[in-house]
Amino acid sequence: MDHLVFDVSHLLAGSLVLLSFMLLYQDRLTGLINVFAIQAVVLSLAVGWQAYVEHEPHLYVTVAIAVIFKALVIPLSLKRIVVRLRIHRDIEIVGGVGVTMLIGIGLVALSLVVILPATTSAAPLAREDVAFALSVVLLGLLMMVTRRNAVSQVIGFMSLENGLMLAATGAKGMPLVVEISVAFSILVAFIVIGVFLFRIRERFDTVDVTELDRARGGYR
Amino acid sequence: MQLLVLLTSTLGLFATGAYAVVARARTDIGARVYRISAALCFVSFLTAVSALTAEPQLASAPLGLPWIGMHFRLDSLSAFFVAIIDLGGVAASVYAIGYGAHEKEPARVLPFFCAFLAAMNAVLLADDAFVFLVAWELMSLTSWALVLAHHEAEENRSASFIYLVMASFGTLALLMAFGLLAGSVGGYEFSTIRTATHAPWIAGVALALMILGAGSKAGLAPLHVWLPLAHPAAPSHVSALMSGVMTKVAIYGFIRVVFDLLGPPAYWWSIPLLVLGAASAVLGVLYLTVESDLKKLLAYSTIENIGIVFVALGLALAFKSQGVPLVAALAFTAALYHALNHSLFKSLLFFVAGAVQGATGERNIERLGGLIHKMPRTAFVALGGVIAISALPPLNGFVSEWLVFQSILLSPSLPQWSLKLIIAAVGGALALSAALCAGGFVRAYGVAFLGRPRSEPATAATEADDWSLGAMAGLLLACLLAGLLPSLVISVISPTVMSVIGAQMPTPGGMPFLSIAPIAESRSSYNGVVLFIFIVFSALLAARVVHRFGSHASKRGPAWDCGYPDPAPSTQYTASSFSQPIRRVFANAVFLARDFVDMPAPGDTRPARFTLNITDRVMENIYRPISGGVTFCSTQLDRFHSLPIQGYLMLVFVALIVLLSGIAIWQ
Chain A
1031 MDHLVFDVSH LLAGSLVLLS FMLLYQDRLT GLINVFAIQA VVLSLAVGWQ
1081 AYVEHEPHLY VTVAIAVIFK ALVIPLSLKR IVVRLRIHRD IEIVGGVGVT
1131 MLIGIGLVAL SLVVILPATT SAAPLAREDV AFALSVVLLG LLMMVTRRNA
1181 VSQVIGFMSL ENGLMLAATG AKGMPLVVEI SVAFSILVAF IVIGVFLFRI
1231 RERFDTVDVT ELDRARGGYR
Chain B
-4 MQLLVLLTST LGLFATGAYA VVARARTDIG ARVYRISAAL CFVSFLTAVS
46 ALTAEPQLAS APLGLPWIGM HFRLDSLSAF FVAIIDLGGV AASVYAIGYG
96 AHEKEPARVL PFFCAFLAAM NAVLLADDAF VFLVAWELMS LTSWALVLAH
146 HEAEENRSAS FIYLVMASFG TLALLMAFGL LAGSVGGYEF STIRTATHAP
196 WIAGVALALM ILGAGSKAGL APLHVWLPLA HPAAPSHVSA LMSGVMTKVA
246 IYGFIRVVFD LLGPPAYWWS IPLLVLGAAS AVLGVLYLTV ESDLKKLLAY
296 STIENIGIVF VALGLALAFK SQGVPLVAAL AFTAALYHAL NHSLFKSLLF
346 FVAGAVQGAT GERNIERLGG LIHKMPRTAF VALGGVIAIS ALPPLNGFVS
396 EWLVFQSILL SPSLPQWSLK LIIAAVGGAL ALSAALCAGG FVRAYGVAFL
446 GRPRSEPATA ATEADDWSLG AMAGLLLACL LAGLLPSLVI SVISPTVMSV
496 IGAQMPTPGG MPFLSIAPIA ESRSSYNGVV LFIFIVFSAL LAARVVHRFG
546 SHASKRGPAW DCGYPDPAPS TQYTASSFSQ PIRRVFANAV FLARDFVDMP
596 APGDTRPARF TLNITDRVME NIYRPISGGV TFCSTQLDRF HSLPIQGYLM
646 LVFVALIVLL SGIAIWQ
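What follows is the structure, encoded as structure tokens:
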């Protein structure tokens, strides 16, 4: 039974990392949103498994939040935004997929090297979870750095938050109220970003963030 | 018991400050608040004097940081300094009852004045690093607010800025010093620090940090740059407190940490103190001799006196480390005695400067003159203060400087050659500064009070009010007593010296009453009363002889015009003329002096002009490069303000990766 618990949670956390890699090279926004939704579903599975094996019923609330907001509300509204911005057919240039992938692999290796020795005293389950969670966070950050489209950056940010969620549930003793407030703050951030996306679009006719810099006075 | 009284009176001072805010609309608020603060300070002074010989008393309050609380302690050392501070507080408050009536915006001064006094008391009573630092910072901030009281003048604003920067820097150094001493366990109570053993390097670094932190507050060169700017900016009674009293709090902090908390001293600790002290003494006095602004001149004199105190402290450390407690006690007595004296005569002279400024609106001695006729009483007390600060017997300045020299003369008994050589040089520097100081004050007094008035306001000057005169006269009396009765003062200081050094100056039996002999009677001894009687007697005799064989009455005639046909007051010997030789000698080495002569061509009607620029070499060579470096770095960093969005993200990303890689490698 112990082996099974370990393997399943390992599998789910590993899938999250894999989905983060998939996010990195999606050049269509709709595809990107779909992968993000899948990642949210996998996250909720991982958290649910955690809740089941650790007998922590309050984690089911987290699962519900993840499923409702991250897998349904946010992807659906993002899709609507993309359609209304009329960029759903656009192909974003994701420069140097190979290089990005290599950097991503390096990041995963880095987070394993950092986390595993640092948490020798923790339960193996939590150790793996935290290591994968850090990978997801770093990959989300990498995505935000490499993308130029504001919508993709938002998705990078949300996937980064998925990593945080994974880490939070992996560590025992995280109060429910913190999870809920994190989830809501993400939702609020999403709404604000959504509003701003339309404002940016209205003013600059694009959601390419490099345009913003040009308007601000460019690189100095 | 005494500690509780002191704490209550400190709280009372805070409350008075709050009252000054609440009742700021009252017209008599100034006089009222100063009366209360004078009474509270007087109570504290008496209590502190009675606590000089008492056992250490402890108190604690549950306020403050949760796991530390607040600890207070009154021992002989803090009692001595509380006495100095509150004596200065009484004098400043009494003086301000009269002087404060000139204040246009009392609400800018009163609350901070009270809080300043209270904060200084709190520093002295602190028994853990938390209370000490909070009170220290409060002291800095309230005095900063007082420097900024007359904020309309641009120079006051820049002075307060420099003061704030230096004060923050000093507190930072103190913070790090206490952090080091508390160690990784974080024992911030002084009792814990005192019993802990510190590794030599920790003690050394803590000493360096204390020199930076306390030295910058005391005005030790080269950390003195704020002092000549900030002291003139504040109202005169506050200048007196900052210069005469706050510097003593800094000295107390230094003694508390270095002599009490740091453990047994190493001999080399004394070297930086001796060198910096001598440098302060000489630098301060050189600037004093060429400065024409009365209050700036006094501020430079503070730098000089602080230098003397630090030299004496350095000597005490050196002798203590070599196991010669008797001589260490002599040097330490000299340091405390000089601290006391300085607080007395420096407050007095700042009051004089305030009275002169109140009467004429002038601080520049080049535009004063002849005040002895318009303000005879002020001139008399000023003369007393000037004699005291010039270290002439029978006033108090002589005794303490004499004690310092006595301990310098004992330095050949030290085994280290480095110390022998340094102390000899330091002795020479102190002798130079003592002589120049006397010259500088002859110049200041002569130009400001004697001769003929050099400006319209100096002609129209009127005598100071009675409260101010009373405060000044009281301080002069204290100066005289401290000079006449040195053995009495030393016996008052002795318990403090005993508690810090573990020995005290010998009071050999069979000595004539009221005389002191620091080493042995055969080598040197001093009796203030005898000397005073001799001086009075011989002066009276000389006057009698002159009047007997000369004319019978003094006569007044027109001032001699040195052969000039124009009797204008500007033909008099000026302050610049007086300091010309000193300026010439040290023109390039110290002052970076530059003369500019603007001589119009023949036929041109514009006047010829002579301008003299004197710059502080320390400011030029140490602080300008630092501020230039800061400006350069901030200009470079400014580029990050206009990165593209992805640039910011990249910054975060790269920083995170670098930190994580650091952790990975470190593991």
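If you're matching them up, the sequences are chains A and B in order.
For the first sequence, the numbering used here assigns the number 1031 to the initial residue and increments by one for each residue that follows.
For the second sequence, the numbering used here assigns the number -4 to the initial residue and increments by one for each residue that follows.
Positions of the beta carbon are idealized from the N, C-alpha and C atoms, including for glycine.
Backbone secondary structure at residue i - three-state DSSP
{"i": "LEU69/B", "result": "strand"}
{"i": "LEU480/B", "result": "coil"}
{"i": "GLN631/B", "result": "helix"}
{"i": "ASP123/B", "result": "strand"}
{"i": "TYR1055/A", "result": "helix"}
{"i": "ILE360/B", "result": "helix"}
{"i": "ARG1250/A", "result": "Its pLDDT being 43, under 50, ARG1250/A is placed unreliably in this model, and the coordinates cannot settle the point."}
{"i": "GLN52/B", "result": "strand"}
{"i": "SER510/B", "result": "strand"}
{"i": "ILE1121/A", "result": "strand"}
{"i": "ASP23/B", "result": "coil"}
{"i": "ASP460/B", "result": "coil"}
Rounded C-alpha distance that separates residue i from residue j
{"i": "THR491/B", "j": "SER546/B", "result": "54 Å"}
{"i": "THR355/B", "j": "ILE367/B", "result": "13 Å"}
{"i": "LEU471/B", "j": "THR626/B", "result": "48 Å"}
{"i": "ARG1244/A", "j": "HIS1118/A", "result": "24 Å"}
{"i": "ALA1067/A", "j": "PHE1051/A", "result": "14 Å"}
{"i": "VAL421/B", "j": "PRO407/B", "result": "13 Å"}
{"i": "ALA1161/A", "j": "ILE1221/A", "result": "30 Å"}
{"i": "VAL285/B", "j": "PRO223/B", "result": "13 Å"}
{"i": "GLN1056/A", "j": "LEU1062/A", "result": "5 Å"}
{"i": "HIS333/B", "j": "ILE488/B", "result": "11 Å"}
{"i": "VAL1167/A", "j": "SER629/B", "result": "32 Å"}
{"i": "PRO221/B", "j": "ILE298/B", "result": "It is worth fixing the name first, because residue 221/B is Trp in this sequence and not Pro. Their Cα atoms are separated by approximately 11 Å."}
{"i": "VAL1112/A", "j": "VAL1181/A", "result": "8 Å"}
{"i": "ARG447/B", "j": "PRO553/B", "result": "11 Å"}
{"i": "GLY465/B", "j": "ARG372/B", "result": "10 Å"}
{"i": "THR1150/A", "j": "LEU1142/A", "result": "12 Å"}
Residues of its chain near residue i, where Cβ-Cβ distance is below 6 Å and the 5 sequence neighbours each way are ignored
{"i": "VAL381/B", "result": "PHE436 and TYR440"}
{"i": "ALA43/B", "result": "ALA74, VAL77 and ALA78"}
{"i": "ALA49/B", "result": "none"}
{"i": "VAL442/B", "result": "ILE360 and ALA570"}
Beta-carbon proximity of residue i to residue j, cut-off 9 Å
{"i": "LEU1217/A", "j": "VAL1103/A", "result": "yes"}
{"i": "ALA10/B", "j": "VAL89/B", "result": "no"}
{"i": "ILE303/B", "j": "LEU476/B", "result": "no"}
{"i": "GLY379/B", "j": "PRO230/B", "result": "no"}
{"i": "ALA313/B", "j": "LEU414/B", "result": "yes"}
{"i": "ARG68/B", "j": "ALA117/B", "result": "no"}
{"i": "ILE1185/A", "j": "LEU1108/A", "result": "yes"}
{"i": "VAL1035/A", "j": "VAL1083/A", "result": "yes"}
{"i": "SER238/B", "j": "HIS226/B", "result": "yes"}
{"i": "LEU343/B", "j": "VAL322/B", "result": "no"}
{"i": "VAL104/B", "j": "ALA148/B", "result": "no"}
{"i": "LEU236/B", "j": "PHE108/B", "result": "yes"}
Chain-order list of residues whose beta-carbon lies under 7 Å from that of residue i (same chain, five-residue window excluded)
{"i": "ASP460/B", "result": "GLY93"}
{"i": "ALA1070/A", "result": "ALA1096, LYS1100, ALA1101 and ASN1192"}
{"i": "ALA473/B", "result": "LEU339"}
{"i": "TRP462/B", "result": "VAL89, TYR90, ILE92 and GLY93"}
{"i": "ALA213/B", "result": "THR242, ALA245, ILE246 and ILE301"}
{"i": "GLN317/B", "result": "TYR262, LEU409 and PRO410"}
{"i": "ARG1250/A", "result": "Note on ARG1250/A: pLDDT 43, under 50, position unreliable in the model; the coordinate value appears next. So the list is empty, once near-sequence residues are dropped."}
Other residues of its chain near residue i: CB distance less than 8 Å, five sequence neighbours each side excluded
{"i": "VAL1077/A", "result": "LEU1089, THR1092, VAL1093, ALA1096, MET1195, LEU1196 and THR1199"}
{"i": "ILE63/B", "result": "ASP123, PHE125, TYR183 and GLU184"}
{"i": "GLN(-3)/B", "result": "THR42, ALA43, SER45, ALA46, ALA49, GLN52, LEU69 and ALA74"}
{"i": "LEU445/B", "result": "GLY364, GLY365 and ILE367"}
The ligand NAD heavy atom lying under 8 Å from the CB of residue i
{"i": "ALA229/B", "result": "For the structure depicted, the ligand NAD is absent and the ligand set is empty, with no information on it obtainable."}
Point to revise | Sequence ranges, alpha helix (DSSP H) only - wholly within the segment 1140 to 1224 of chain A, length at least 4 | key: The segment 1140 to 1224 of chain A contains these whole alpha helix (DSSP H) runs: 1154 to 1176 and 1180 to 1200.
Check your understanding: Which parts of the segment 250 to 305 of chain B are runs of the alpha helix (DSSP H), unbroken and 4 residues or longer, counting only runs that do not cross its ends?
Key -> Counting only runs of 4 or more, we get 265 to 285.
Exercise for review: Would you mind listing the alpha helix (DSSP H) stretches within the segment 557 to 618 of chain B that are 4+ residues and don't spill past its ends, in chain order?
Suggested key: Along the segment 557 to 618 of chain B, the alpha helix (DSSP H) occurs as fully enclosed runs of 4 or more residues at 570 to 581, listed in sequence order.
Review point. In the segment 170 to 251 of chain B, which residue ranges form an unbroken alpha helix (DSSP H) of at least 4 residues, counting only runs that do not cross its ends?
Key: Under the rule that a run must span 4 or more residues, the alpha helix (DSSP H) segments found entirely inside the segment 170 to 251 of chain B read 185 to 190, 195 to 213, 222 to 228, 231 to 235 and 242 to 250.
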